[in-house]
Amino acid sequence: MVFSITRSLKSFGKFLRRILIRIIEKRPIRDIRDWGISYSLWPAHFTTACCGAEFAAASAPRFDAERFGFLPFTSARQCNVVFIEGTLSRKMAKAARMVFEQMPEPKFVIAMGACPIDGGIFWNSYNIVLAHNILPVDVYIPGCPPRPEAVARSIMMLQDKIKKMGGAKYDELK
Amino acid sequence: MMSLNELKEMIEKELGALAFKVDSEAPNLIIINVEAPNLFEVAFKLNHMGFDHVKVVTGTDYPIEKKIELVYHVSSYTNIDLAKVIIALKIRLDKSNPKVKSLVKIWPSAEYLERETYDLVGIIFEDHPKLERLLLPSDWDQIPPLWKDFKIKTEGIDA
Amino acid sequence: MSEDKFMQVLIGPQHPGSGHMRFIVKMDGDIISEFEPDIGYVHRAVEKIAESKRYIQIVPLVERPILADTANINLGYILALERLLGIDAPPRAQYLRTLLAEINRIHSHLYGLGIHGIMIGSSTIFMWCFADREIWIELAQELTGARITYSYMIPGGVRRDLPNGFNEKLSKAIAYMEERLKDYEKIFINNPVVTARLIDVGIIKKDDAIKLGIVGPNLRASGVAYDVRKIEPYCAYPEIDFDIIVRKEGDAYSRVLVRFEEIKQSMKIVKQVVEKIPSGPIINESYLKLIPPKLREKAEQTGIWKMPAIFINLKPRKGEAISRVEAGRGEVTHYIVSDGSPNPYRFRVVTPSFRNLIAFKYTMPGHRLADIPAIYGSLDYFPPSADR
Ligand code: SF4
Numbered sequence: 416m417v418f419s420i421t422r423s424l425k426s427f428g429k430f431l432r433r434i435l436i437r438i439i440e441k442r443p444i445r446d447i448r449d450w451g452i453s454y455s456l457w458p459a460h461f462t463t464a465c466c467g468a469e470f471a472a473a474s475a476p477r478f479d480a481e482r483f484g485f486l487p488f489t490s491a492r493q494c495n496v497v498f499i500e501g502t503l504s505r506k507m508a509k510a511a512r513m514v515f516e517q518m519p520e521p522k523f524v525i526a527m528g529a530c531p532i533d534g535g536i537f538w539n540s541y542n543i544v545l546a547h548n549i550l551p552v553d554v555y556i557p558g559c560p561p562r563p564e565a566v567a568r569s570i571m572m573l574q575d576k577i578k579k580m581g582g583a584k585y586d587e588l589k
Numbered sequence: 134m135m136s137l138n139e140l141k142e143m144i145e146k147e148l149g150a151l152a153f154k155v156d157s158e159a160p161n162l163i164i165i166n167v168e169a170p171n172l173f174e175v176a177f178k179l180n181h182m183g184f185d186h187v188k189v190v191t192g193t194d195y196p197i198e199k200k201i202e203l204v205y206h207v208s209s210y211t212n213i214d215l216a217k218v219i220i221a222l223k224i225r226l227d228k229s230n231p232k233v234k235s236l237v238k239i240w241p242s243a244e245y246l247e248r249e250t251y252d253l254v255g256i257i258f259e260d261h262p263k264l265e266r267l268l269l270p271s272d273w274d275q276i277p278p279l280w281k282d283f284k285i286k287t288e289g290i291d292a
Numbered sequence: 020m021s022e023d024k025f026m027q028v029l030i031g032p033q034h035p036g037s038g039h040m041r042f043i044v045k046m047d048g049d050i051i052s053e054f055e056p057d058i059g060y061v062h063r064a065v066e067k068i069a070e071s072k073r074y075i076q077i078v079p080l081v082e083r084p085i086l087a088d089t090a091n092i093n094l095g096y097i098l099a100l101e102r103l104l105g106i107d108a109p110p111r112a113q114y115l116r117t118l119l120a121e122i123n124r125i126h127s128h129l130y131g132l133g134i135h136g137i138m139i140g141s142s143t144i145f146m147w148c149f150a151d152r153e154i155w156i157e158l159a160q161e162l163t164g165a166r167i168t169y170s171y172m173i174p175g176g177v178r179r180d181l182p183n184g185f186n187e188k189l190s191k192a193i194a195y196m197e198e199r200l201k202d203y204e205k206i207f208i209n210n211p212v213v214t215a216r217l218i219d220v221g222i223i224k225k226d227d228a229i230k231l232g233i234v235g236p237n238l239r240a241s242g243v244a245y246d247v248r249k250i251e252p253y254c255a256y257p258e259i260d261f262d263i264i265v266r267k268e269g270d271a272y273s274r275v276l277v278r279f280e281e282i283k284q285s286m287k288i289v290k291q292v293v294e295k296i297p298s299g300p301i302i303n304e305s306y307l308k309l310i311p312p313k314l315r316e317k318a319e320q321t322g323i324w325k326m327p328a329i330f331i332n333l334k335p336r337k338g339e340a341i342s343r344v345e346a347g348r349g350e351v352t353h354y355i356v357s358d359g360s361p362n363p364y365r366f367r368v369v370t371p372s373f374r375n376l377i378a379f380k381y382t383m384p385g386h387r388l389a390d391i392p393a394i395y396g397s398l399d400y401f402p403p404s405a406d407r
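Residue numbers (this note's numbering), protein chains in the order written: chain A, 416 to 589; chain B, 134 to 292; chain C, 20 to 407.
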């Protein structure tokens, strides 16, 4: 008896959620949602290599990435962007994957520097991992290290991408 | 103010038969070649002379001679005269069994440098307080990467 | 005492106060009883890769580990290489090298100060330092063409001459910075919150500092007057008048003060360099000969030299060389073993951060958990440079 009630409640909940998603995915609301997501990109505090120095410069006053709603934040649980700042060593790659998995959907990955793309100057090192092997990268920033302007540009590109292709993913619900 | 040669002679006298060759190289280098078993004693004497810290510990692989050369670069902070020179303390170890007594007891500053050398060159330092992997991932199972037979990709036709 | 009394805390690598490393901390209540830094998260095998590269290709490679202080580490490598090649840079080049090294030291210290500030919760100083750092980066950019990865020094000289109007910009920057440092003093150095968190925290005694082989400002803050620029003067330092900043206390606060005063000393050096700089070529004559006369004429007009093609095939003598320079964070040691081929047989670089690593293990125990960022920041540790 109780069992069947909870079950029907559950299926009702699922049904309700599906309807809500349907509504949210409709035009004006979806646009507003994506606009909201694109201006609140919060990367986790996770520095992987030397590009971090330029990333720090990008979030500092001169280049001020915060004007795009881009605020480095402490805990992965409250963030929605992983910013790969340069080389991923084998040890770090595990950590990067963990950080990525801890974050709630929707989440995005920006890979900064030549190293995550194809190894850059360290292409023949025995201890590096390429970013696309472990994470679904949305935007790459070439350069070694990329200038802070390029970091700002990458944020804008990610915003465009979110606005065009939709920010949220509902894989597990569909 | 001591010249490089005077210092070299002083070291030669101090070490006596323990060191089998002492060289000097301008502008500031004195190279002491030592047999592996004497290393600890030589280090002890050098420390007594005022060379109080280790700058670099390097292991170099010589595959043809089947040897690994271990170099300690030491110098001084307290004695201005000695601070001007760097001593290279060299020993050669068998590649099949690269074991040597750790110098951490004499120079605590060698702790991480030795640990790194163990990690990357595979030299085993006996009596080291914590001889574990440092830079490489803990599940590393190949030969030490700084051996010459550990090949990495290179540019050119074989890339 | 049972084992359960201790709690193990793992901090990092994804943590605002850890950088690219992990701390394995054993806690007894709120007191640290054992502290083990777990590094290697940025280990990219610079030493191994260097063996597969030509000597000139290593110049950008050695810069990558110390991205915040590239000029000094580059200088150290070039000095070691020049010792092997048996050449020297002409006087003007020596002054230009000193100029860039000091500009770099200033913005590297500002970087350290800013990061330390945000670690102990003072965002203002982070913002200020990083904003003012850009001024020095821009000066260096004018000189070299790159923001932070300069690759400015090459064997036998430097790549570019002083650009037009550099001196005015430099004196403006110095005047601005001198004013600014007074503000820094008010809001950071003399701030009661900062002093409360840093004074008598993380003390490294003089004997311990020597025993552990600490380097750089951390060593000088413990009362050891060791600065490679004075002990073994290189480049233009013998002709320049500056002081070594030494403090006795050895706590976190004194390390900050040493760094802070060194910014002033660096500005003093920079001022003298542009005053005293001699005229003349910027690359060694033996390399200059190899440049075709037409190119040379053009280069003399623009001040931008194209590297002679011989650089790709540099073959130093057989042997070994060691060099040391005083980088922003401390002494960098380069050791090259050459077998006479165009690639080094063994390349070894020991960076200041790696030498300072040992300080973590021996200073942290006995402090509270909340002191970790205060001490960590004060050591000005840059993880990629330690891991290489
Ligand atoms: S791209 Fe360049 S700066 Fe960035 S992590 Fe790689 S080597 Fe360092």
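Just so you know, even glycine gets a beta-carbon here, dropped at the ideal spot from N, CA and C.
Along the length of the segment 244-323 of chain C, whole alpha helix (DSSP H) runs at least 4 residues long occupy 247-250, 271-295, 304-307, 312-321, reported in chain order. By the CB criterion at 7 Å, Ala169 of chain B and Val233 of chain B fall inside the cutoff. Around the beta carbon of Tyr195 of chain C, fewer than 16 other beta carbons sit within 10 angstroms, so the residue counts as exposed. The residues Ala340, Ile341, Ser342, His353, Tyr354, Ile355, in chain order, have a CB closer than 8 Å to that of Ala99 of chain C in the same chain once the five nearest residues on each side in sequence are set aside. Per DSSP, reduced to three states, the secondary structure at Leu203 of chain B is strand. Here the alpha carbons of Gly528 of chain A and Glu244 of chain B stand approximately 34 Å from one another. About 37 Å separates the beta carbons of Ala255 of chain C and Tyr60 of chain C, which is beyond the 8 Å limit, so they are not a contact pair. Under the three-state reduction of DSSP output, Glu53 of chain C falls in the strand class. A Cβ of chain B is located within less than 7 Å of the beta carbon of Ser71 of chain C.
At least one CB of chain A lies nearer than 7 Å to the CB of Tyr60 of chain C. Judged by pairs of C-beta atoms under 8 Å, the segment 275-283 of chain C does not touch the segment 300-314 of chain C, as fewer than three such pairs exist.
Cβ atoms of Arg248 of chain C and Val265 of chain C stay farther apart than 8 Å, at about 13 Å.
For Lys286 of chain B, the nearest CB of chain A lies under 7 Å from its own CB, placing it at the interface with that chain.
Check the Cα spacing between Val292 of chain C and each of C:Pro79, C:Ala112, C:Arg41: the tightest is with C:Ala112. Distance from Asn303 of chain C to Pro110 of chain C at the Cβ level is roughly 11 Å; contact not present, criterion being Cβ atoms closer than 8 Å. C:Ile331 is the residue among C:Pro56, C:Ser404, C:Ile331 whose C-alpha sits nearest the C-alpha of Pro363 of chain C.
Counting along the chain, Thr502 of chain A sits inside no beta strand (DSSP E), nor does DSSP assign it H or E at all. Rounded to whole angstroms, Cys494 of chain A and Asp272 of chain B show a C-alpha spacing of 30 Å. Rounded to whole angstroms, the Cβ separation of Leu503 of chain A and Ile543 of chain A is 6 Å, and the two are in contact under 8 Å.
The straight-line gap separating the alpha-carbon atoms of Leu268 of chain B and Asp57 of chain C is approximately 8 Å. Look at Gln160 of chain C here: in three-state DSSP terms it is helix. Distance between Tyr169 of chain C and Gln160 of chain C, taken at the CA atoms: about 8 Å.
Not one heavy atom of the ligand SF4 falls within 6 Å of the beta-carbon of Thr191 of chain B. With its beta carbon at least 7 Å from every one in chain C, His181 of chain B lies outside the interface. Near chain B, meaning a CB-to-CB distance below 7 Å, the residues of the segment 376-387 of chain C are Leu376, Ile377. The beta carbon of Asn180 of chain B is closer than 6 Å to those of Ile239 in its chain, skipping five residues each way along the sequence. Ranking C:Pro84, C:Thr214, C:Phe261 by CA distance to the CA of Lys290 of chain C puts C:Phe261 first. Residues of the segment 147-181 of chain B that bring their beta carbon within less than 7 Å of a beta carbon in chain C comprise Asn161, Leu162, in sequence order. Exclusion of the five residues before and after Pro563 of chain A leaves Glu469, Ala472, Ala473, Phe478 as the residues of its chain whose Cβ lies within less than 7 Å of its Cβ. The beta-carbon of Arg367 of chain C is placed less than 7 Å from the nearest beta-carbon of chain B. Shortest gap from the CB of Ile556 of chain A to any heavy atom of the ligand SF4: 6 Å or more. Taking the Cα positions, Arg248 of chain B is about 10 Å away from Ser235 of chain B. Between the ligand SF4 and the CB of Thr462 of chain A, the shortest heavy atom gap is not smaller than 6 Å.
If you look at Asn212 of chain B, you'll find it isn't in any alpha helix (DSSP H); DSSP assigns it neither H nor E.
Linking Lys576 of chain A to Ala546 of chain A through their CA atoms gives a straight-line distance of about 19 Å.
Taking a Cβ-Cβ cut-off of 7 Å, Thr421 of chain A has no neighbours in chain C, whose nearest Cβ is about 38 Å from it.
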